[in-house]
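Working notes for the structure below.
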């Protein structure tokens, strides 16, 4: 039966094993690469979606895509009282 030894943290006594610090560094680099690729993919997807949303406006079709809006005020015009302290 073989006995398993824990890898030593001391690089002099590792006997061919990867030291724990280098192994952790490799995992961190791999995680950073995966995160970077994911972030780049997300940025590309966001730009593609934004381009597809803005495509009708870039073609000049914005007048047909927007509804007609009535901009007349709903109430009577505002009147300023000359005796009001805020109007002075």
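Numbering (the working numbering), first residue to last: 491 to 578. Where a beta carbon is used, it is the ideal one built from N, C-alpha and C, also for glycine. These numbers come from a predicted model, not from an experiment.
C-alpha distance - residue i paired with residue j, whole-angstrom precision
i: residue 577; j: residue 535; result: In this prediction, residue 577 has a pLDDT of 48, which is less than 50 and means its spatial position is unreliable; nothing more can be read from the coordinates.
i: residue 546; j: residue 560; result: 23 Å
i: residue 457; j: residue 531; result: The question about residue 457 has no answer, for the chain in this structure spans 491 to 578.
i: residue 538; j: residue 527; result: 17 Å
i: residue 543; j: residue 533; result: 15 Å
i: residue 550; j: residue 540; result: 16 Å
Interface flag, residue i vs chain C, CB-CB below 9 Å
i: residue 543; result: Absent from the structure: chain C. Only one protein chain is present.
Cβ shell of residue i (< 6 Å), same chain only, five flanking positions each side left out
i: residue 565; result: none
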